[in-house]
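Trainee:
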Amino acid sequence: MTVEATSDAVRAPAPPKKRKKLGQTERQQRRWGFLFISPWIVGFLLFFLLPMAASLVFSFLEFDLIRPEDARFVGLENYQRWFGDPLVWESLLVTVKYAAIAIPLSLALPLGFAWLLTSKSLWGKPLFRTLFFMPTIVPFVSGVLIWSGFLNTQTGWLNQMLETIGIPGPDWLNSTVWIYPALALIGAWTVGNAMLLFIAGIQGIPVELYEAADVDGANTWHKFKSITVPMISPILFYNLVLVVIALFQYFLVPFVLKGPSGDPANSTLFYSLYFFKTAFTFNDMGYGATLAWMLFVIIMIITIVIFGTAKYWVYYEFEEV
Amino acid sequence: MKRLRWLAVVFALALVVAACGGDDDTTGDTAADTTAAPGDTTAETTTTAEAAPDTTAPEAMGDAVEIRWFVGLGTGGNPEQIEAQEAVVEAFNASQDEINLVLEIVQNDVAYDTLSTQIASGNAPDIIGPVGIRGANAFNGRWLDLQPLVDASGYDLSRWTQEQVDVWRTDEGLVGLPFGVFPAMMFYNKALFDEAGLPYPPQEFGADYDGKPWNMDTVREISQFLTVDANGNDATSPDFDPDNVIQFGYVDQWSEPQRFATMFGAGSMTNDDGTPNVPSQWVDGFKWYYDGVWTDNFIPSQDYADSDLLAAGNPFDSGNVAMAHTHLWYICCLAGVADSWDLAVVPEYNGETTAALHADVFRILNTTEHPEEAFEVLTYLVGEGAPALLDVYGAMPADVTLQDAFFAKQDETYTQGVNWQVAVDSLAFPDIPSHEQDMPNFLKSQDRWGAFWSALNTTPGLDVDAEVSSLLADLETIYAEAN
Numbered sequence: 000m001t002v003e004a005t006s007d008a009v010r011a012p013a014p015p016k017k018r019k020k021l022g023q024t025e026r027q028q029r030r031w032g033f034l035f036i037s038p039w040i041v042g043f044l045l046f047f048l049l050p051m052a053a054s055l056v057f058s059f060l061e062f063d064l065i066r067p068e069d070a071r072f073v074g075l076e077n078y079q080r081w082f083g084d085p086l087v088w089e090s091l092l093v094t095v096k097y098a099a100i101a102i103p104l105s106l107a108l109p110l111g112f113a114w115l116l117t118s119k120s121l122w123g124k125p126l127f128r129t130l131f132f133m134p135t136i137v138p139f140v141s142g143v144l145i146w147s148g149f150l151n152t153q154t155g156w157l158n159q160m161l162e163t164i165g166i167p168g169p170d171w172l173n174s175t176v177w178i179y180p181a182l183a184l185i186g187a188w189t190v191g192n193a194m195l196l197f198i199a200g201i202q203g204i205p206v207e208l209y210e211a212a213d214v215d216g217a218n219t220w221h222k223f224k225s226i227t228v229p230m231i232s233p234i235l236f237y238n239l240v241l242v243v244i245a246l247f248q249y250f251l252v253p254f255v256l257k258g259p260s261g262d263p264a265n266s267t268l269f270y271s272l273y274f275f276k277t278a279f280t281f282n283d284m285g286y287g288a289t290l291a292w293m294l295f296v297i298i299m300i301i302t303i304v305i306f307g308t309a310k311y312w313v314y315y316e317f318e319e320v
Numbered sequence: 000m001k002r003l004r005w006l007a008v009v010f011a012l013a014l015v016v017a018a019c020g021g022d023d024d025t026t027g028d029t030a031a032d033t034t035a036a037p038g039d040t041t042a043e044t045t046t047t048a049e050a051a052p053d054t055t056a057p058e059a060m061g062d063a064v065e066i067r068w069f070v071g072l073g074t075g076g077n078p079e080q081i082e083a084q085e086a087v088v089e090a091f092n093a094s095q096d097e098i099n100l101v102l103e104i105v106q107n108d109v110a111y112d113t114l115s116t117q118i119a120s121g122n123a124p125d126i127i128g129p130v131g132i133r134g135a136n137a138f139n140g141r142w143l144d145l146q147p148l149v150d151a152s153g154y155d156l157s158r159w160t161q162e163q164v165d166v167w168r169t170d171e172g173l174v175g176l177p178f179g180v181f182p183a184m185m186f187y188n189k190a191l192f193d194e195a196g197l198p199y200p201p202q203e204f205g206a207d208y209d210g211k212p213w214n215m216d217t218v219r220e221i222s223q224f225l226t227v228d229a230n231g232n233d234a235t236s237p238d239f240d241p242d243n244v245i246q247f248g249y250v251d252q253w254s255e256p257q258r259f260a261t262m263f264g265a266g267s268m269t270n271d272d273g274t275p276n277v278p279s280q281w282v283d284g285f286k287w288y289y290d291g292v293w294t295d296n297f298i299p300s301q302d303y304a305d306s307d308l309l310a311a312g313n314p315f316d317s318g319n320v321a322m323a324h325t326h327l328w329y330i331c332c333l334a335g336v337a338d339s340w341d342l343a344v345v346p347e348y349n350g351e352t353t354a355a356l357h358a359d360v361f362r363i364l365n366t367t368e369h370p371e372e373a374f375e376v377l378t379y380l381v382g383e384g385a386p387a388l389l390d391v392y393g394a395m396p397a398d399v400t401l402q403d404a405f406f407a408k409q410d411e412t413y414t415q416g417v418n419w420q421v422a423v424d425s426l427a428f429p430d431i432p433s434h435e436q437d438m439p440n441f442l443k444s445q446d447r448w449g450a451f452w453s454a455l456n457t458t459p460g461l462d463v464d465a466e467v468s469s470l471l472a473d474l475e476t477i478y479a480e481a482n
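Residue numbers (numbering that gives the first Met the number 0), protein chains in the order written: chain A, 0 to 320; chain B, 0 to 482.
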């Protein structure tokens, strides 16, 4: 039937498409399909699409949660305010500062671990992989609180260890400079998921490539640089996109450590925290919604840019020519 | 096949219900660990979410008016508090069949957002409390004036003094009836004073301390002597090592800038012309405090306060702090120094004594559809239900006739013989205006005050005068936004 339709189309201009009548089995299958995905559809509509649409409407309103009856339409005023709000730029700068440490670390560390944990020379690989992955399954809030104690200047283990080797430990959590390495350290604790992806990628690289490189006299570094990294570049790319998105949504760690205060001196006032503070501490829901939508726009632009660069450095083995 | 299909439908519905349902940990009348400090401003209830206890007889629910009692803006989330509140609800519901009282307990850290959202969505509860002045400030404009209800019902206010009632008269009218009061005092650790061979701080207003006036200079002096480093040197010694302190002389327990500064005298944060103000005596106080942290070293910095040495956030209870300025609600959280503490009066400054006062009440939202019924519940909470609630909230009754019973109950817990008279006497030195007073653009203004206080606690080398100027400049902008 399909073949006939195709040959007819070659001979004459295509008639208007008729909706294909489904057979009983197909209809039944379709119903079953909808039935099984209905929880997701309901969840998506109720808890994602509806709030998103509502927040878009809010972004054009002056809307105080406690005084909803005073809400009024202000057009693009909130967006105008966004561009002139110094705290927006300060919070974006905070995010960028942290990104300068966190992005390289979030990619290099799991990649390094994955490289080590796939080494032929390593004994007890499953044990080490489990150990390195384990922090990921610790509830994050508990983990952050433990880190808070670990990094305490007076009684924290890290500074005590540093002092035993004669290095005076910094004030990790109350210094506007050291807070970023401290946050990066906490973040580095949970690289288990990215590490697993890298391990899977490295294990998928054909052994022949390494054997050929051995014949050519390549050393370990050359093999890593010229075979491993290009071959796992899609995973690198995937992790990069995830890390960048997560970075702009970075909230939990600074919030658990410092609350919505942004202490010390706004150095933890990440964009998401500023959004939270505006919407849920100051009750300025209209401007809060604007902050959220602008965050969406920023993430979208950055993601598009990253995708745009992919053709220059991401290698897909089975890419169509 | 048909049966299989029905099974699939049931399964899918179950998934939808599960997806839409709440977390197990946050439903029901679950109670868990808590470090809540009674009193609205510092309560840190860590668990307990919506709880609608099954205390209502089903047959009574048909025609009964439902009144929702929202707990969470202040204290009320501790397991024993939940139990007591549930008992009060049960007793109230059993006492009549016109009103069905429903208890809603929300975590303190999300209570504000929850209530805001409920108001915005037109699903607001009827009664809120216990809540203090500061906790309620964010919802100003939303409180019901109780006076017409008092007049209509002939409710007798004479059990309280006129002054006690007038505290709750605002621009919105009479927004609460006196319930619990928490004067600020000096908690002190007797063991540390004994160890240092120092006499205890005075327990009567106007009394001297070892021949000296009991003022902020004396507090500084003995606090330095009570601050000890790992080598056993006190903070007056030239060999004292401020980086290795193991015992501090003074802490402003769970402090906030205005509460602390009020020890130096009450003041207004807004001038008559609507501009922001930092009273000059407060500036003196901030300098005293800042020097205490960074120069005289008898007050723990934020980093010390967060350390295990000071029980990671509950410094006085660690047993490593000699004196703590805080409110009566702190009796909630004294497990660590259970039998070694007592109360002293707050010191004077420039010959004046000011004991900052926290006070909790129950309020009714002006969105309620059943004001009469809500008022009936409110009068029950401050009446028959009050003794049990005051006891678990650690709140000193505003009604003097209930105070003896309250303190007798506390003596069962703290058997060392606490001098509760200090708390009663402190009520004669309240801060007027209150340090919890409203400000224009309250939430943002308070946030800026918080940043100021955080800077003092975390940053050495600051010029306090410059910080105050910066605070004032920012507040000016924030106040202007409100206009």
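Idealized CB from N, CA, C, for every residue including glycine.
I want to see whether chain A comes within less than 8 Å of I118 of chain B, judged by CB atoms only; does it?
Mentor: On the second sequence, residue 118 of chain B is found 119 positions in, with the first residue counted as 1. At least one chain A Cβ lies under 8 Å of I118 of chain B.
Trainee: Here's the rule: buried if 16 or more other CB atoms are within 10 angstroms of the residue's CB, otherwise exposed. What is N296 of chain B?
Mentor: To locate residue 296 of chain B, count along the second sequence from 1; it is residue 297. Label assigned to N296 of chain B: buried.
Trainee: Since A264 of chain A meets chain B, which of its residues come closer than 9 Å, beta carbon to beta carbon?
Mentor: In the first sequence, residue 264 of chain A corresponds to position 265, counting from 1. Ordered by position in chain B, the residues that pass the 9 Å Cβ test against A264 of chain A are A450, S453, A454, T457, T458.
Trainee: For N192 of chain A, does the count of other Cβ atoms within 10 angstroms reach 16, so buried, or fall short, so exposed?
Mentor: Translated into the one-based positions of the first sequence, residue 192 of chain A becomes position 193. Per the 10 Å Cβ criterion, exposed.
Trainee: Tell me whether T325 of chain B sits in a helix, a strand or coil according to DSSP, three-state version.
Mentor: Along the second sequence, read from residue 1 onward, the residue named residue 325 of chain B stands at position 326. In the structure shown, T325 of chain B sits in a strand (DSSP, three-state: E or B).
Trainee: Mapping DSSP to helix, strand and coil, what is P138 of chain A?
Mentor: Residue numbering aside, residue 138 of chain A sits at position 139 when the first sequence is read from its first letter. The answer is coil: DSSP assigns P138 of chain A none of H, G, I, E or B.
Trainee: Please name the residue in B:A465, B:G134, B:F138 whose C-alpha comes closest to that of Y123 of chain B.
Mentor: Taking the first residue of the second sequence as position 1, residue 123 of chain B is located at position 124. The question names Tyr, yet the displayed sequence has Ala at residue 123 of chain B. Cα-wise, what sits closest to A123 of chain B is B:F138.
Trainee: Quick one: Cα of G321 of chain A to Cα of L110 of chain A, how far?
Mentor: Look at the range of chain A in this structure, 0 to 320, and you will see that residue 321 of chain A is not part of it.
Trainee: How many angstroms separate the CA atom of V242 of chain A from the CA atom of N456 of chain B?
Mentor: On the first sequence, position 243 is the one that residue 242 of chain A refers to. On the second sequence, position 457 is the one that residue 456 of chain B refers to. If I take the Cα positions, the gap works out to 34 Å.
Trainee: Going by DSSP in three states, L364 of chain B sits in which element: helix, strand or coil?
Mentor: Reading the second sequence from its first residue, position 365 is the one you call residue 364 of chain B. Three-state DSSP puts L364 of chain B in a strand.
Trainee: Looking at I185 of chain A and V252 of chain A, is the spacing between their C-beta atoms short of 8 Å?
Mentor: On the first sequence, residue 252 of chain A is found 253 positions in, with the first residue counted as 1. On the first sequence, residue 185 of chain A is found 186 positions in, with the first residue counted as 1. The answer is yes: Cβ separation under 8 Å.
Trainee: What residues match up with D283 of chain A in a beta bridge as DSSP calls it?
Mentor: Position 284 of the first sequence, counting from 1, holds the residue named residue 283 of chain A. Partner(s): A:D63.
Trainee: For S444 of chain B, return the contacting residues in chain A, with the cut-off set at a CB-CB distance below 7 Å.
Mentor: Mapped onto the second sequence, residue 444 of chain B falls at position 445. In chain order: nothing, as chain A lies at least about 10 Å away.
Trainee: Where does R258 of chain B sit, in a helix, a strand or coil, going by DSSP?
Mentor: Locating residue 258 of chain B in the second sequence gives position 259, counting from the first residue. Note: R258 of chain B maps to helix in three-state DSSP.
Trainee: For chain B, check one thing: does any of its Cβ atoms lie closer than 8 Å to the Cβ of N238 of chain A?
Mentor: Position 239 of the first sequence, counted from the start, is the residue given in the question as residue 238 of chain A. So, not an interface residue.
Trainee: Indicate whether D307 of chain B and V336 of chain B have their beta-carbon atoms separated by less than 8 Å.
Mentor: On the second sequence, residue 307 of chain B is found 308 positions in, with the first residue counted as 1. On the second sequence, residue 336 of chain B is found 337 positions in, with the first residue counted as 1. Cβ distance not < 8 Å, so D307 of chain B and V336 of chain B don't count as in contact.
Trainee: Could you spell out where the alpha helix (DSSP H) holding N77 of chain A opens and where it closes?
Mentor: Here residue 77 of chain A is taken as the residue at index 78 of the first sequence, counted from 1. Taken as a continuous stretch (DSSP letters only), the alpha helix (DSSP H) holding N77 of chain A covers 76-83.
Trainee: Could you list which residues in chain B have their beta carbon closer than 8 Å to that of I65 of chain A, in chain order?
Mentor: Translated into the one-based positions of the first sequence, residue 65 of chain A becomes position 66. The answer, in chain order, is S115, I118, A119, A137, F138, G140, R141.
Trainee: Assuming Y187 of chain B is part of the beta strand (DSSP E), what are its boundary residues?
Mentor: In the second sequence, residue 187 of chain B corresponds to position 188, counting from 1. Here the beta strand (DSSP E) through Y187 of chain B covers 179-188.
Trainee: Helix, strand or coil for G384 of chain B, going by three-state DSSP, please let me know.
Mentor: Here residue 384 of chain B is taken as the residue at index 385 of the second sequence, counted from 1. Three-state DSSP puts G384 of chain B in coil, outside helix and strand.
Trainee: Alpha carbon to alpha carbon, how far is E89 of chain B from W167 of chain B?
Mentor: Working through the second sequence from its first residue, we reach residue 89 of chain B at position 90. Working through the second sequence from its first residue, we reach residue 167 of chain B at position 168. If you take the alpha carbons of E89 of chain B and W167 of chain B, they lie about 28 Å apart.
Trainee: Once the 5 residues before and after F441 of chain B are set aside, which same chain residues still bring their CB inside 7 Å of it?
Mentor: Position 442 of the second sequence, counting from 1, holds the residue named residue 441 of chain B. These residues qualify, in order along the chain: N136, A137.
Trainee: Looking at C-alpha atoms only, which residue of A:E316, A:L256, A:Q248 is the closest neighbour of V296 of chain A?
Mentor: Here residue 296 of chain A corresponds to residue number 297 of the first sequence, with the count starting at 1. For the residues A:E316, A:L256, A:Q248, the minimum Cα distance to V296 of chain A belongs to A:Q248.
Trainee: Could you work out which residues of chain B lie near F279 of chain A, taking near to mean beta carbons separated by less than 7 Å?
Mentor: Your numbering for residue 279 of chain A matches position 280 in the first sequence. Near F279 of chain A (Cβ distances below 7 Å), the residues of chain B are D112.
Trainee: Would you list the residues sitting across from N99 of chain B in a DSSP beta bridge?
Mentor: For the purposes of this step, residue 99 of chain B is taken as the residue at position 100 of the second sequence. Its beta-bridge partners are B:E65.
Trainee: Determine whether the Cβ of E171 of chain B lies closer than 8 Å to any Cβ atom of chain A.
Mentor: Position 172 of the second sequence, counting from 1, holds the residue named residue 171 of chain B. With 8 Å as the cut-off, E171 of chain B does not count as an interface residue toward chain A.
Trainee: Counting contacts by CB-CB distance shorter than 8 Å, is S306 of chain B in contact with chain A?
Mentor: As a working mapping, residue 306 of chain B is identified with position 307 in the second sequence. Yes, S306 of chain B counts as interfacial toward chain A.
Trainee: What residue range is occupied by the uninterrupted alpha helix (DSSP H) comprising P459 of chain B?
Mentor: Taking the first residue of the second sequence as 1, we reach residue 459 of chain B at position 460. P459 of chain B -> no alpha helix (DSSP H), and no H or E assigned at all.
Trainee: What's the C-alpha gap between D193 of chain B and M438 of chain B?
Mentor: The residue given as residue 193 of chain B occupies position 194 in the second sequence. The residue given as residue 438 of chain B occupies position 439 in the second sequence. The straight-line gap from Cα to Cα measures roughly 44 Å.
Trainee: Would you mind giving the Cβ-Cβ distance between T152 of chain A and D170 of chain A, rounded to the nearest angstrom? I have them listed as a contact below 8 Å.
Mentor: What you label residue 152 of chain A is simply residue 153 of the first sequence in a count that begins at 1. What you label residue 170 of chain A is simply residue 171 of the first sequence in a count that begins at 1. The pair is a contact, with the Cβ atoms about 5 Å apart (cut-off 8 Å).
Trainee: Checking 8 Å against the spacing of the C-beta atoms, do G179 of chain B and A427 of chain B come in under that value?
Mentor: On the second sequence, residue 179 of chain B is found 180 positions in, with the first residue counted as 1. On the second sequence, residue 427 of chain B is found 428 positions in, with the first residue counted as 1. Not closer than 8 Å, so no.
Trainee: The alpha helix (DSSP H) spanning W287 of chain B covers which residue range?
Mentor: If you number the second sequence from 1, residue 287 of chain B lands on position 288. Looking at the DSSP string, the run of the alpha helix (DSSP H) that includes W287 of chain B is 279-293.
Trainee: Looking at the unbroken alpha helix (DSSP H) that takes in Q159 of chain A, where does it start and where does it end?
Mentor: Locating residue 159 of chain A in the first sequence gives position 160, where the first residue counts as 1. Element bounds for Q159 of chain A: 156-163.
Trainee: Which of the three DSSP states is assigned to L106 of chain A in this structure?
Mentor: Within the first sequence, residue 106 of chain A is the residue found at index 107, counting from 1. L106 of chain A: helix per DSSP, three-state reduction.
Trainee: Closest to P180 of chain A by CA distance: which of A:P259, A:S266, A:L239 is it?
Mentor: Residue numbering aside, residue 180 of chain A sits at position 181 when the first sequence is read from its first letter. Answer by Cα proximity: A:S266.
Trainee: Where does A404 of chain B sit, in a helix, a strand or coil, going by DSSP?
Mentor: Within the second sequence, numbered from 1, the residue matching residue 404 of chain B stands at position 405. Correct three-state label for A404 of chain B: helix.
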